[in-house]
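Undergrad: The listed protein sequences correspond, in order, to chains A and B.
Under full-length UniProt numbering, think of the first position of the first sequence as 1, with each following residue one higher.
Under full-length UniProt numbering, think of the first position of the second sequence as 1, with each following residue one higher.
C-beta: ideal position from N, C-alpha, C; glycine also.
Number of protein chains: 2
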Amino acid sequence: MQADVLGRTFSALADPTRRAIMARLVLGEASVSELAEPFDMSLVAVSKHLKVLESAGLISKGREAQWRRCRLEAMPLKELDDWLETYRRFWSESLDKLESYAASLKQRRNVNERDE
Amino acid sequence: MQADVLGRTFSALADPTRRAIMARLVLGEASVSELAEPFDMSLVAVSKHLKVLESAGLISKGREAQWRRCRLEAMPLKELDDWLETYRRFWSESLDKLESYAASLKQRRNVNERDE
DNA sequence: CCATTAATTAACCTATAAGTTAATTAACTT
DNA sequence: AAGTTAATTAACTTATAGGTTAATTAATGG
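1. Say whether chain A places a C-beta atom closer than 7 Å to the C-beta of G7 of chain B.
2. The beta strand (DSSP E) that contains L6 of chain B, what's its start and end?
3. Less than 6 Å between C-beta atoms, sequence neighbours within five positions excluded: which residues of the same chain meet that for R8 of chain B?
4. Since L53 of chain A sits in a beta bridge, which residues does DSSP pair it with?
5. Across which residues does DSSP place K78 of chain A in a beta bridge pair?
6. When the cut-off is 7 Å and only beta carbons count, does S11 of chain B lie next to chain A?
7. Is any beta-carbon of chain A found at less than 7 Å from that of T17 of chain B?
8. How many angstroms separate the CA atom of G62 of chain A from the CA atom of P76 of chain B?
9. Tell me E64 of chain B's beta-bridge partners as DSSP assigns them.
10. To the nearest angstrom, how far is the alpha carbon of H49 of chain B from that of A14 of chain A?
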């Protein structure tokens, strides 16, 4: 398994089922069976997914009678966002390139129009 | 393997070696053996890591004589950033909570000071 | 043409991720 | 006390990730 926090976050979010669970939890807290309902897999499987999310710190569970209420915990996502910081200039650079390319296309079109 | 783009991005970045390679490529393009140099593993292993990054679209390779120059490609990271958008309010919320907690601590300290 | 350098492909090993079913724990309900 | 509901743990299967060494491909340089 992954030792580093970031690695665990990335690897937890690599699974589409787990990302769907995260998306669901944006809407509010939910029990394990509520979370499991939309998926075509056993409750056990979902329970394991939740454990992965929990040990990555992406969710927490509170107990109420026989239910576990799961809630989203965002701090690991914030760390992910911080990690991205180093790379932001790269996509703004390529967006700049795209933009200037688009501008040059437009320019060319205008020239052609003048020719007609 | 992962079908979805986002899943591939997350899973590519889950590995610390691959994140280190990404960090190196921020500094500029590099050949496979240059990239492999800092790591205590075979060139083959690094080559495989590069293939994972490449099929996630996170790097590209150009050929020059017998060298492959690897460069960072940021678009998948931008998609990751977009994915994060949904969750941003969550950590600002918890930062707000932290902030107001800190404020209340400060408040209490001031009260105590007045008592002394 | 042959040797060297850069990188990939092939074949293999081992650990782990993601699922299954069956059994167990724990709390509520009657 | 017995039954029901919620969830976890245990035991198992299968596929894949990440590493190894040996063999192969491809370009350069004597």
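TA: Quick look at the numbers:
1. yes
2. No beta strand (DSSP E) contains L6 of chain B, which is instead part of the alpha helix (DSSP H) from 5–13.
3. Q2, A56
4. Note: L53 of chain A sits in no beta bridge, so no partner.
5. The partner list for K78 of chain A (beta bridge, DSSP) is empty, contrary to what the question assumes.
6. Yes - at least one Cβ of chain A is within 7 Å of the one on S11 of chain B.
7. It does not: the Cβ of T17 of chain B has no partner Cβ on chain A nearer than 7 Å.
8. If I take the Cα positions, the gap works out to 35 Å.
9. B:W67
10. Rounded to whole angstroms, the separation of the alpha carbons of A14 of chain A and H49 of chain B is 16 Å.
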